[in-house]
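To start, the structure itself, in structure tokens.
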Amino acid sequence: MDFKLTEEQLAVREAARDFAQNVLKPGVIERDSKMQYPTEQVKEMGELGFLGMMVDPQYGGGGMDTISYVLAMEELSKVDSSCSVIVSVNNSLVAWGIETFGSEDQKAKYLPKIASGETIGSFCLSEPEAGSDATSQQTTAVDMGDHYILNGTKNWITSGGTSKIHLVVAQTNKELGHRGINVLIVESDWDGVVVGAKEDKLGIRASDTHTIMYNDVKVPKENRIGDEGFGFKFAMKTLNGGRIGIAAQALGIAAGAYELAVAYSHERKTFGKPINQHQAIAFKIAKMATDIEAARMLVYRAAWLKDQHMDYGTAAAMAKFYASEVAMNATIEAVQIHGGYGFVKEYHVERLMRDAKITQIYEGTSEIQQLVISRDIIKNGNLYVPVMDGNMENV
Ligand code: CAA
């Protein structure tokens, strides 16, 4: 097997690393403390091409592969997951969803704005009563002939306060269950769109997470993505790719904490020698390194499968499930290695530990990932998941 990255992929990783270390790092502690949205940094990420990495250049994107996207996510997340979640949702949920399943008019109208960062997109699936159980949508889109009337409330929407383009999941025909669900492109300045208060969160505090209400919003039929009733499939297929982005975020958080912990272990001395000369610390480092490398293999493999147009849903679920667990464990250990210093903001690892937690929750909790994986094994009899023989089912 060839594990070598291409020149282009290495250049993307270098650019992301440089941006994260030199532009994101200086203000990251302050933005986190003050819950300050990274306006300038998002603008710069748009200019550098991080917001539309995989979008076709004809729509203003970078035309890159999923591996490059994952490498960038990893580097950005080593430093600032408030920024990387904006990159992830914009790239893999919003832009990829419109580009893969949208009409030519939708692509021409919305993709250039999203890819350049002129506006950020939001993916509006979760509701007060429909998080993991995504088919239980209460938001309704009533068919009025040439338009829908949209009503409902969406919760925990990433970039909810700043995004101007929302992909809203809504029920049109309850009797049809998940086949009665549509996804509509809604613009935030349309009548009836109301953005609620910003959430005060444990982690990714500089990203803006909001409740959004839709009150009798008139949405033209041409803003429905795909055929009538395709909405749930759209959400699931889009989330398969989204989960690769969040898995890469988790990997980056773990690797960022690990790098800080190793550096600190050389500097800090106890009992007359650097703490990494004590086996208690050396073994922690060995375990972190091994776990992170295993997570990296799963994440890169899921991205590679997607690039090969092979079935990657289960691979993405495995990558997210495992990498988010590694992120949680590695950040806890990084705080432990730092001792008292790890508990204060200045040393970064406490923030990474707080940021790690969300990777086990959003875009499908760890429990949902295990549901997806186990169903594939038990229901489909797919013992050696994912198949690597060119199954094209999951674009
Ligand atoms: N890929 C492709 N298709 C899928 C799929 C997947 N991963 N999962 C389900 N489907 C398809 C099924 O094949 C089925 O299609 P058919 O009826 O044609 O066979 C259909 O969708 C319904 O699936 P199920 O019968 O399995 O539905 P279910 O209700 O039993 O379970 C679920 C579905 C997997 C639990 C799903 O509800 C789920 O993934 N829930 C988690 C939702 C989630 O990830 N939310 C995150 C919020 S978004 C977010 O966090 C964004 C942000 O801002 C950061």
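If you're matching positions, the sequence shown starts at 1 in my numbering and goes up one per residue.
Ideal placement from N, C-alpha and C gives every residue a C-beta, glycine not left out.
Predicted, not measured: the structure shown is a model, and the values here were computed from it.
* Per the contact definition of three or more C-beta pairs closer than 8 Å, is the segment 215 to 228 in contact with the segment 140 to 154? -> Output reads yes: the segment 215 to 228 touches the segment 140 to 154.
* May I ask you to list the residues that DSSP assigns as paired with Leu150? => Leu150 has Ala141, Val217 as its beta-bridge partners, per DSSP.
* Asked: Across which residues does DSSP place Gln279 in a beta bridge pair?
  -> None, per the DSSP bridge assignment.
* Asked: If you draw a straight line from the alpha carbon of Ala396 to that of Ala330, how long is it in whole angstroms?
  -> In this structure the chain extends from 1 to 395, so residue 396 is not present and cannot be described.
* Could you have a look at Ala130 and say whether DSSP puts it in helix, strand or coil? => strand
* Asked: Glu187 lies in the alpha helix (DSSP H); which residues open and close that run?
  -> First-last for Glu187: 181 to 187, but that is the beta strand (DSSP E), not the alpha helix (DSSP H).
* Could you name the residues of the same chain whose beta carbon sits closer than 8 Å to that of Val395, not counting the 5 residues immediately before and after it, in chain order? => Low confidence applies to Val395: its pLDDT is 44, below 50, so where it sits in the model is not reliable enough to give any reading.
* **Cα-Cα separation between Met392 and Ile377, rounded to whole angstroms** => Low confidence applies here, because Met392 scores a pLDDT of 47, under 50, leaving its location unreliable; read the following figure in that light. So the two alpha carbons sit approximately 18 Å from each other.
* Within 10 angstroms of its Cβ, does Ala248 collect 16 or more other Cβ (buried), or is it exposed? -> buried
* Asked: Beta-carbon separation of Ile285 and Ala257 under 8 Å?
  -> For the 8 Å CB-CB criterion, Ile285 and Ala257 do not form a contact.
* Helix, strand or coil for Thr314 per DSSP? -> helix
* To do: State the start and end residues of the unbroken beta strand (DSSP E) segment that holds His166.
  => DSSP places His166 inside the beta strand (DSSP E), whose first and last residues are 165 to 171.
* Residues that Ile157 bridges to, as DSSP identifies them -> His210
* DSSP three-state assignment for Val395, whether helix, strand or coil -> Unreliable placement is indicated for Val395, whose pLDDT of 44 sits below 50; the coordinate value is still reported in the next sentence. Three-state result, Val395: coil.
* For my contact list, Ser92 and Ser122 are in at a C-beta cut-off of 8 Å; report their separation, rounded to the angstrom. => Not a contact, Cβ separation roughly 13 Å.
* Taking the beta strand (DSSP E) that Ala197 falls in, what are its first and last residues? -> It spans 193 to 198 - the beta strand (DSSP E) in which Ala197 sits, taken as one unbroken run.
* For Arg224, three-class secondary structure by DSSP -> Reduced to three states, the DSSP call for Arg224 is strand.
* Asked: Would you say Val12 touches the ligand CAA, meaning its beta carbon is less than 7 Å from a heavy atom?
  -> no
* Span of the alpha helix (DSSP H), counted from its first residue to its last, around Ser77 -> 66 to 79
* Asked: What is the residue span of the alpha helix (DSSP H) that Phe232 lies within?
  -> 231 to 267
* Asked: So who's on the other strand from Gly121, going by DSSP bridges?
  -> Ile165
* Asked: Do Gln277 and Ile185 have their C-beta atoms closer together than 8 Å?
  -> The beta carbons of Gln277 and Ile185 sit no closer together than 8 Å.
* Determine contact between the segment 57 to 69 and the segment 108 to 121, defined as no fewer than three beta-carbon pairs at a distance below 8 Å. => yes
* Asked: How many angstroms separate the CA atom of Asp291 from the CA atom of Phe230?
  -> 38 Å
* Going by Cα to Cα distance, which pick from Asp65, Asp56, Met73, Thr66 is closest to Asp18? -> The shortest CA-to-CA distance from Asp18 to any of Asp65, Asp56, Met73, Thr66 is the one to Met73.
* DSSP-derived helix/strand/coil call for Lys379 -> coil
* To do: Report yes if the CB atom of Val168 is closer than 8 Å to the CB atom of Thr140, and no otherwise.
  => No. Outside cutoff.
* To do: Look up Lys107 in the DSSP assignment and say whether it is helix, strand or coil.
  => helix
* Gly97, enclosing alpha helix (DSSP H) - first and last residue -> 96 to 101
* Does the segment 306 to 320 come within contact of the segment 348 to 367, defined as at least 3 CB pairs closer than 8 Å? -> yes
* Leu76 and Ala20: beta carbons closer than 8 Å? -> yes
* Asked: Anyone know if the C-beta pair for Ala250 and Ala327 falls short of 8 Å?
  -> yes
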